[in-house]
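Residue numbers (UniProt numbering): 1 to 1165. Yeah, the Cβ is synthetic: ideal placement off N, Cα and C, and Gly gets one too.
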Amino acid sequence: MYRLNHDTRIEPPYRPCTVFDMIGGVGSGGFIAILLVIFGLTAEEASEEFANLSVNILDNHALDVETRTAALRKYVDDLLAKYKIDETTRLLDANDRSKGCKLAVVISYKNHVGSICILRNYSSRQDQTPNLTITEAVLATLAIPPFFNSTQVLKNASTFDYIGADWTLSNPTQEIVAEAHESFGAEEKVACLLSLGCGHAGIFATPETSAISEWNRLLERLAMDGERKAESIGSQMGRLGLYHRFNVRGGLERAGRMANMMNPGVIMQHTQAYLGELQVSQQIEVCTNALRLRIPVASLDQLRYLGVRKSLSPQLPPLTKTFVMRKEPWEFIEKVLLSERGISDIDGPRMLLVTGIGGCGKTQLMLRFMKEYKSRFIYQFFIDGSSEDRIRSDIVRNVRALGAEHSQKAFEDCLLFLSQPSRDGLSLLLYDNVDDPNLDLSSLLPRGNSCAIAITSRNHVLGELDPEVHLPLGIMSVEEAMELLLHGANSSAPVTDQIRKDTATLAEALGYLPIALQQACAYMRQTKCSVSAYLARLSGSKAKLLSQKVKYQVDMQSISTYAAFEMSFGRLPVTSQRFLRLLSYFHWAGFPLELINQAVQYSFSDYEQTPVQHGDSFFVGKQLLEVIFLRDGEWEATNLDEMIISLQNYSMVTLTHGVGTILVQMHPLAHEWVRECTPKTEKHEYQCGAILLLALGARSERTASTQYLASHVLHMTCLWNGLYVNDTIAFGLILHRNGIYYEALRLREAAAKELRSCLDKKDRALSDFLWSLSRTLSALGQMEAAKKLQEEVVKMMKDVLGERHSDTIMASGSLAVTYRYLGRLHEANVLQEEVVRLSKEILGDRHRKTLMASSNLAATYHDSGRLHEAELLQEEVLKWRKKILGERHPDTIVAATNLAVTYASLGRLKEAEVLQELMVKLRKEIMGERHPDTIKALNDLAITYCGLGKLNEAQVLQADVLKLRKKILGKRHPETIMASNNLAVTYLSLGRFHEAEVLQEEGLKLMKEILGERHPDTIKASINLALTYHSSGRLKEIDFLLEEGLALSKEVLGERHPDTIKASSNLASAYRDLGRLNEAEEIQKEVLRLSKEILGEMHPNTLAASEDLRITLHRLQRPKEAEGHQMNDSLQPSSFPSAGFNSNLISASTDATQLLNNDSITSSK
């Protein structure tokens, strides 16, 4: 140190702790290391302190053990006071004196002298460092029996006895190198390794007496024997030019004969003489230059394994004993790594990328592959991919283990070796847990065609860089998960059906995630509890169970599902952590990213309906959303991209393509863990943010996110009762738009009650919302309740706006539509005609609302059998819409579609077909093939095809409609169920009775669940199923279904409703086929009477009823009466319903229906 400071003349001068990166030692050498590092002393100061210790304590033979130990403790206390260090300071506490220098002191355990323990001033990945106080560290280092008592330290309610490690280790050089290897990394280069000794090697034996003098001599010989190791190390490292060993000769080896040699003054004289020797002086100069220039010579990995003739090959991690084969992933791995390569394949190593959430079984699957195909590869390397240093270290270790000829290879040499072609075959390298997204892996991989490389990672983005060789490993299949649970639990009980059922339930509850399943197996095996018992525990203590670390098998680490999630979550940027916490308040699947863009568009604040001022929760949520999604108050889509990428980096989310948007999904257990681990103080703001974000997606016009929002509203059911009224309204709109009417009704009724209590009756917001509520009632078939509410709204508007206000007129028009659905066609006609008259007077003949009112009146004419009047009115509407709006406007297309339906009813099916095909083409061009209105147009065209007898074409179209509605609206949406009904009716016409039955039975079940048994569409579906049973010969079942359907139709719609009349006609036809002719005649006479009264004598349904009665009378052998119901050919258009059964094909393309699809009167077409 003196020479170094003399040469550099730096101020302040160098101290050992500023020159060396690590200082270590054992016994008195360890004490000196503590002085140099923890106290930050100079070499001179440390020498002086050690001399004082030697004279007063170490060499004072008059002291007994107790007294010497007490004296040592006092000496340390005085030393701390002298250098102003708090006596409570611990080794791991921050310490400016050390200047970043690392300390490694070797001590031992009293009760296990053969083992060692390393005291450090830094944390180690290898093992947990005892965090002793400085006093405890010094006492433990010097506690050499029988001179001192052991040092007792209380830790975790247990007492540890430490002693000096002189007995175990006389030269700690290799241990210090190993510490540096672990701390700095295998590839870190070393410029200087300085070793200080105290004597030559000798032959020693344990004293036969307990005399202190004998033990002294033994320790001296142990210390001198450390030179043996030094000489061995020197022979291995000397040629590298970085190892420098200094040892004072002529000193301690003669201590047995010359007791006064232990005098510090004498030792100093011998030391000065040693340093003055020419050879030693030259060696000191070389060492000084090495410290000054700091030129790297060799890596720590080379030093650690230098001279080893044959390194031990690192073992593969253990394979779980309950491994379950995963067929599809396994076949993919075999294909990528084992299949023959073609000429066109790119040169380079075979590459496989396996990604997935922590605990999904990536490593175990690859270990099984390595075991299964060991003979196919000349080498198999398992490489820890957690960091660049670990990768470099493991590759070097594996290569050097291949033989002495590789023992000096550096990392670059190892990569070059692995890249060279071999006649013996391929080598397989598994880079495991390459999770760090910032790791540049390309420089750490061998080149050439001689390797197969498999990489496991939580980083899904890594796999997307090469999709053809990417295996995104998800959860287990149901069968795989059950196999794991049944065999892993290791129960001796026979597997009953109930156990299998419980096992399937448990697998589902754990999300089929391998680590969670393994954890459950371990727990059940250790506690001897059954699957059902574990399920009970899981329902009450899921967080506790999945957080516990459970030992699964002897040779494997303990596992914890939640710990795996925590590790990934902890590596995320703060903004991504916040985003993930926000997502945890939504349903775990199907979150549309388009919702965020939509929320930004509306400034995180603009609801479609805000009848009252927002509450505090709104502003709390808005602030959170702005913190997550804005940077310096500005929105950039790239910020969201960065968060999504970081979440994929650790497989915390996966992305799938929805319709018009990307969908985000989390594993259910990870989703639950993130929410549970959100700090209690932050839970409220995340809840508010989630509610606000979801409410911003509530729009009357369909958006890309609309179909995906309902599941999230339902996920928040537990919050409904505490929602602010504006959020309740928004959630109700989302559910209504997705056909979830019962739940929408619950929310809308709650909102209506609150609005009635806080808004004046004259407030327009109240009337608008009540109209929305009436829409939900209509959708549920509760037409009387809808009518009552609409009549109330019309009265409110008349009182506030007046009878001649356009919105009042439109409300009246919509009420007329409800009358039509109720079968009150006369009232509907009268009211709708009045609406058209007023619209023309106030708004003008060509106004958009006037044309819509005319279109609705035409629909009423159509249902009343006034087909020619409907045709004339619809042609007029179409003409004006073409002139005003243009042929490609959506309203013009609707008008043409309605006219086509009337053409079909008039029997002009060819004209209807041409017009509908044109409208389908236009809708596809303007709105796209997946737009709901385009799908409705396809449905209408299919119905026309059925009328034309083009059943195969109709079936193809209806199958497409059903497929699209399932994808866009979901399987349980009413329109999807109606599409299924229509396809079933066509199957029936094609004679495919079984397929029709399956669809109709499933559809009827869903309708009962979603719409209720009393909904008109449910009644129609029940009647259609009865007709299918009739066609397939199940005659005994149809009369009950038809009678039940007729009774419900009478109750819900009334006896005079056209659908009730049709139901009566179908029942009569069934009675006739069953031979119950008199009952059939009685019903058919009533059907004919009502048809004439309500629909008119010339309505197609009336004429069909007359024909049905004629057939029945003929079978009753009453020909004269039958002749009275014979139709003239001139009166029978081709579109008349055939005599007998009439199935219900459902079309919904009129303006009236469109009006009901809007959420307020003012926004309707």
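CB of SER387 within 8 Å of CB of ASP432, strictly: As a first step, residue 387 must be located in the sequence shown, where it is residue number 387. As a first step, residue 432 must be located in the sequence shown, where it is residue number 432. Not a contact, by the Cβ cut-off of 8 Å.
ASP394 (DSSP reduced to helix, strand or coil): Taking the first residue of the sequence shown as position 1, residue 394 is located at position 394. In the structure shown, the three-state DSSP call for ASP394 is helix.
Buried or exposed (CB count within 10 angstroms, at least 16 for buried), HIS1099: Sequence index remark: in the sequence shown, residue 1099 carries index 1099 (1-based). In summary, HIS1099 is buried, with 16 or more beta-carbon neighbours lying within 10 Å of its beta-carbon over all protein chains present.
Residue(s) in a DSSP beta bridge with ARG9: Numbered from 1 along the sequence shown, position 9 holds the residue referred to as residue 9. Secondary-structure assignment with DSSP links ARG9 through no beta bridge to anything.
In DSSP terms, what PRO592 is bridged to: Looking up residue 592 in the sequence shown gives position 592. In the DSSP output, where bridge partners are listed per residue, PRO592 has LEU663.
Residue 1191 vs LEU415 beta-carbon contact at 8 Å: Residue 1191 is absent from the structure shown; the chain starts at 1 and stops at 1165.
The region 1042-1061 / the region 1020-1027 touching (three or more Cβ pairs under 8 Å): Yes: the two stretches touch, three or more of their Cβ pairs being nearer than 8 Å.
Which of helix, strand or coil DSSP assigns to TRP141: Counting from one through the sequence shown, the residue named residue 141 turns up at place 141. Strictly speaking, residue 141 in this sequence is Thr, with Trp absent from that position. Assignment of THR141 by DSSP, reduced to helix, strand and coil, places it in the helix class.
Where ARG748 falls: helix, strand or coil (DSSP): Along the sequence shown, one-based indexing puts residue 748 at 748. ARG748 falls in the helix class under three-state DSSP.
C-alpha distance - GLY633 paired with THR355, whole-angstrom precision: Stepping through the sequence shown from its first residue, residue 633 is reached at position 633. Stepping through the sequence shown from its first residue, residue 355 is reached at position 355. One alpha carbon belongs to GLY633, the other to THR355, and they sit about 35 Å apart.
Where ARG908 falls, given that 16 or more other Cβ within 10 Å makes a residue buried: Here the question's residue 908 lines up with position 908 in the sequence shown. When all chains shown are included, ARG908 counts as buried.
PHE579 versus ILE645, ASP606, ARG341, residue with shortest Cα-Cα distance: The residue you call residue 579 lines up with position 579 of the sequence shown. Per the C-alpha coordinates, the member of ILE645, ASP606, ARG341 positioned closest to PHE579 is ILE645.
ARG423 (DSSP reduced to helix, strand or coil): Translated into positions along the sequence shown, residue 423 becomes position 423. DSSP places ARG423 in coil when its eight states are reduced to three.
Length of the line joining the Cα atoms of ARG866 and LEU719: As a position in the sequence shown, residue 866 is number 866, starting the count at 1. As a position in the sequence shown, residue 719 is number 719, starting the count at 1. Going from the Cα of ARG866 to the Cα of LEU719 covers about 51 Å.
With 16 other Cβ atoms within 10 Å as the buried cut-off, status of SER757: Numbered from 1 along the sequence shown, position 757 holds the residue referred to as residue 757. Exposed, since its Cβ has fewer than 16 Cβ neighbours within 10 Å.
Close Cβ partners of ASP799 (< 6 Å) along its chain, the five nearest in sequence each way excluded: Here residue 799 is taken as the residue at index 799 of the sequence shown, counted from 1. Setting aside the 5 residues that flank it on each side, ASP799 has no residue in the same chain whose C-beta is closer than 6 Å to its C-beta.
Cut-off 7 Å between Cβ atoms - residues of its own chain near LEU1145, not counting five sequence neighbours on either side: Residue numbering aside, residue 1145 sits at position 1145 when the sequence shown is read from its first letter. Note that LEU1145 scores a pLDDT of 48, beneath 50, so its modelled location is shaky and nothing firm can be said.
Backbone secondary structure at GLU925 - three-state DSSP: Within the sequence shown, the letter at position 925 stands for residue 925. Three-state result, GLU925: helix.
Coil, strand or helix - TYR109 by DSSP: As a position in the sequence shown, residue 109 is number 109, starting the count at 1. Three-state DSSP puts TYR109 in a strand.
Inter-stretch contact at 8 Å, needing at least 3 Cβ pairs: the region 288-302 / the region 176-184: Touching, yes.
Test item: CB-CB of GLY689 and LEU624 under 8 Å: Taking the sequence shown and counting its residues from 1, one reaches residue 689 at position 689. Taking the sequence shown and counting its residues from 1, one reaches residue 624 at position 624. A Cβ-Cβ contact shorter than 8 Å links GLY689 with LEU624.
Contact set for ASN597: own chain, Cβ-Cβ below 7 Å, skip 5 residues either direction: Taking the sequence shown and counting its residues from 1, one reaches residue 597 at position 597. Closer than 7 Å at the Cβ level, and outside the excluded window around ASN597, lies no residue.
DSSP bridge partner residues for PRO472 (one or two, in chain order): Locating residue 472 in the sequence shown gives position 472, where the first residue counts as 1. According to DSSP, which records beta bridges pairwise, PRO472 is partnered with THR355.
Exposed unless 16 or more other CB atoms sit within 10 angstroms - verdict on ALA853: Indexing the sequence shown from 1 puts residue 853 at position 853. ALA853 is buried by the Cβ-count criterion.
Opening and closing residue of the beta strand (DSSP E) in which GLY197 lies: In the sequence shown, counting from the first residue as 1, residue 197 sits at position 197. In the DSSP assignment, GLY197 falls within the unbroken beta strand (DSSP E) covering 193-197.
Range covered by the beta strand (DSSP E) that runs through CYS521: Counting from 1 along the sequence shown, the entry for residue 521 is found at position 521. Unbroken run through CYS521 is the alpha helix (DSSP H), 514-527; no beta strand (DSSP E).
Whole-angstrom distance between ALA401 and LYS310, CA atom to CA atom: Against the sequence shown, residue 310 aligns to sequence position 310. Against the sequence shown, residue 401 aligns to sequence position 401. Below a pLDDT of 50, predicted positions are generally treated as unreliable, and LYS310, at 43, falls in that range; the measurement from the model is reported next regardless. Straight across, the Cα-Cα distance linking LYS310 with ALA401 is about 6 Å.
Enclosing beta strand (DSSP E) for ASP435 [first to last residue]: In the sequence shown, counting from the first residue as 1, residue 435 sits at position 435. No beta strand (DSSP E) holds ASP435; DSSP gives it neither H nor E.
Beta-carbon gap between MET797 and SER767 smaller than 8 Å: Numbered from its first residue, the sequence shown carries residue 797 at position 797. Numbered from its first residue, the sequence shown carries residue 767 at position 767. Their beta carbons are under 8 Å apart, which means MET797 touches SER767 by this criterion.
Buried or exposed by the 16-neighbour rule on C-beta atoms within 10 Å, applied to GLU1080: The count along the sequence shown starts at 1 and reaches residue 1080 at position 1080. Checking the sequence, you will find Ala at residue 1080 rather than Glu. Classification of ALA1080: buried, given that the 10 Å Cβ count is 16 or more.
For HIS805, the three-state DSSP class (helix, strand or coil): For this step, residue 805 is matched to residue 805 along the sequence shown. Shown here, HIS805 sits in coil according to DSSP, grouped into three states, outside any helix or strand.
Whether VAL469 touches LEU353 by CB criterion (8 Å): Counting from 1 along the sequence shown, the entry for residue 469 is found at position 469. Counting from 1 along the sequence shown, the entry for residue 353 is found at position 353. VAL469 is a Cβ neighbour of LEU353, given a cutoff of 8 Å.
Beta-carbon spacing of GLY590, GLN665 below 8 Å: As a position in the sequence shown, residue 590 is number 590, starting the count at 1. As a position in the sequence shown, residue 665 is number 665, starting the count at 1. Yes, they are a contact pair.
Where the beta strand (DSSP E) through ARG245 begins and ends: As a first step, residue 245 is located in the sequence shown; it is residue number 245 there, counting from the start. Under the DSSP assignment, ARG245 falls in the beta strand (DSSP E) whose first and last residues are 243-247.
Residue closest to ASP384, alpha-carbon to alpha-carbon, out of MET370, LEU430, VAL65: As a working note, residue 384 is residue 384 in the sequence shown. Selection MET370, LEU430, VAL65 evaluated against ASP384 yields LEU430 as nearest (Cα-Cα).
Whole-Å CB distance - ILE378 paired with LEU426, under 8 Å assumed: Looking up residue 378 in the sequence shown gives position 378. Looking up residue 426 in the sequence shown gives position 426. Between ILE378 and LEU426, the beta carbon gap of about 7 Å places them in contact (Cβ cut-off 8 Å).
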